[in-house]
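Here the structure is laid out as structure tokens; the discussion comes afterwards.
In UniProt numbering, the protein residues as written are 1 to 250.
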């Protein structure tokens, strides 16, 4: 049974106990569109190659609302109308037979509702938009000496926690795949933690964003199906690292 949880609503497939029943879910498992800038070759065939990027994901939830009477129907329809009505974003979770995946979504358009039987049955369509087309599953943490990998289908950007076991006054380097390295020049005192986000290249000290802490920021992601080793190389002192990676799907 498929379940969709978003904005305080639980929308369930056949056999569920929620008054909101799921009839169809589209745009969740499909691959979103690709956008790419093209520049034609002035004196040749075709165009210059350019990287492509995925567009945002539009998700359509079609369902039925089963009510106990007119009052219950009106109350539940008001709940539906209020989902993300302030323009905010929330985490949508879709539970399927083999996985539970999530994405941050906002309202794409107003919900479309039709009362089919007064006090008994209404149909609805909920339109959501995810600016990040990726879907995320379970997270995995790997310690020193372990290779990091994930079970998704898309490149996953890891988060690396560096703990100073003794004072590391001269910074350190994190080495990754294909000879890439991330150099942190900020000192790290014993017992304190740097968090390095490979998606953004940002460094946090005990949860606070640091400015000017990075000497060289070669970021990387972990491809699906591959194991990637990470090594901490302090300039002086000793430390330990832990690599966190989330199953990432498209």
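Positions of the beta carbon are idealized from the N, C-alpha and C atoms, including for glycine. In this text, all values refer to a predicted model and were calculated from it rather than measured experimentally.
In the structure shown, residue 73 adopts helical secondary structure according to DSSP, grouped into three states. Every beta strand (DSSP E) stretch that sits fully inside the stretch 105–190 and reaches 3 residues is listed by chain position as 112–117, 121–130, 135–142, 159–164, 172–175, 181–184. Contact annotation, residue 196 with residue 174: C-beta distance approximately 7 angstroms; criterion of less than 8 angstroms satisfied. Its chain contains 157 as the residues whose beta carbon lies nearer than 6 angstroms to that of residue 199, once the 5 sequence neighbours on both sides are disregarded; these appear in chain order. The C-alpha of residue 160 is placed about 16 angstroms away from the C-alpha of residue 138.
Closest by C-alpha distance to residue 59, out of 211, 140, 230, 126, is 126. For residue 80, the secondary structure class from DSSP, reduced to helix, strand or coil, is helix. The C-beta distance from residue 191 to residue 164 rounds to 7 angstroms, short enough to meet the 8 angstroms contact threshold. For residue 228, the closest C-alpha among the options 26, 141, 49 is that of 141.
Membership of residue 234 in the beta strand (DSSP E) is indicated by the continuous run 231–234. Contact between the stretch 67–74 and the stretch 34–50 is absent: fewer than 3 CB-CB pairs across the two stretches fall below 8 angstroms. With respect to the 8 angstroms criterion, residue 93 and residue 99 are not classified as neighbours on the basis of their beta carbons.
For residue 239, the enclosing beta strand (DSSP E) begins and ends at 239–249.
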